[in-house]
Amino acid sequence: AQSVSQHNHHVILSEAASLELGCNYSYGGTVNLFWYVQYPGQHLQLLLKYFSGDPLVKGIKGFEAEFIKSKFSFNLRKPSVQWSDTAEYFCAARAGAGSYQLTFGKGTKLSVIP
Amino acid sequence: NAGVTQTPKFRVLKTGQSMTLLCAQDMNHEYMYWYRQDPGMGLRLIHYSVGEGTTAKGEVPDGYNVSRLKKQNFLLGLESAAPSQTSVYFCASSGYSLGNNEQFFGPGTRLTVL
């Protein structure tokens, strides 16, 4: 079965620090990849997605992610975090373009200290 | 355009009681999903539907039933609630086209079973 692993359970950063959250997936074929964010008390919102093409994907709010097929990774990055980035971040994967089921990682909680 | 809506937002049940959670979407999406979110577990798929009149089991279907009588609605039922079903429930929907099949999430229902 497909699985998604997020390396860090809780990350604490100061404002202006750089962020990288790790995500690895287990599926070997064509895969669609997503990063969702959940602000406290809110529902999940899509940050960015990768379907095909340029492996460096830019999303909203200055986030980007790089798809590295050889490493089965899709790490999320932001050069300078803000207090408003405090949230929980979920990586998700879907096997193949014709599939519709998402497998989520367990999430990484990010706390940004002003 | 409300997107995905869920009712109720909060509910407290006693063990053995039943209830139905309603999800509605106004994006004409074919696919709809029910997830539960528990601390440290990410989101786990309970049931999903690929079209009106169809339903299928996800990762954690036991104790839940679903129905999709209308394309825009997806109901999640608990026939006899148990404390282990205390969770936050999210509904999501997605379209069919390959370039636009990200999932859109509702605001969630926080359920406590005493």
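Order-wise, the sequence lines are chains X and G. Our numbering puts the first residue of the first sequence at 3, with every later residue one more than the last. Our numbering puts the first residue of the second sequence at -5, with every later residue one more than the last. Just so it is clear, CB atoms sit at the ideal spot from N, CA and C, and this is done for glycine as well.
Spatial neighbours of L104/X in its own chain (CB-CB distance under 6 Å, excluding positions within 5 residues in sequence) are listed in chain order as A94 and R96. Secondary structure note for S54/X: it is in no beta strand (DSSP E), with a DSSP letter that is neither H nor E. Here the C-alpha atom of P116/X lies approximately 34 Å from the C-alpha atom of T106/G. Contact between the region -4 to 4 of chain G and the region 95 to 106 of chain G is present: 3 or more CB-CB pairs across the two stretches fall below 8 Å. Within the same chain, V(-2), Q66 and S87 come within 6 Å of Q19/G by CB-CB distance, once the 5 residues on both sides are set aside. For the pair of segments examined, the region 64 to 83 of chain G was found not to touch the region 30 to 44 of chain X: the number of CB pairs separated by less than 8 Å stays below three. For G45/G, not one C-beta of chain X is nearer than 8 Å to its own C-beta. Taking CB atoms only, K60/X has no neighbour in chain G less than 8 Å away.
Spanning the alpha carbons of Y52/X and P77/G requires a straight line of approximately 38 Å.
Pairing Y83/G with L15/X, the inter-Cα distance amounts to about 29 Å.
Each residue's CA atom was taken as its position, placing K60/X and V54/G some 33 Å apart.
Around the CB of N95/G, 16 or more other CB atoms lie within 10 Å, so the residue is classed as buried. Judged by DSSP in its simplified three-state form, G64/X adopts helix. For E22/X, the beta-bridge partners assigned by DSSP are R79/X.
Against F84/G, the close residues of chain X are H45 and L46, in the order they occur along the chain (beta-carbon pairs closer than 9 Å).
Comparing alpha carbon positions, the residue from S43/G, L63/G and G47/G closest to Y29/G is S43/G.
S88/G reaches chain X at Y102, counting residues in chain order whose Cβ is nearer than 7 Å. Taking a Cβ-Cβ threshold of 7 Å, the residues of chain G close to G107/X are G36, in chain order. Bridge partners of H11/X according to DSSP: none are assigned. Listed in chain order, the non-local C-beta contacts of Y25/G below 6 Å within the same chain comprise V44 and S88, local neighbours out to five positions each way being set aside.
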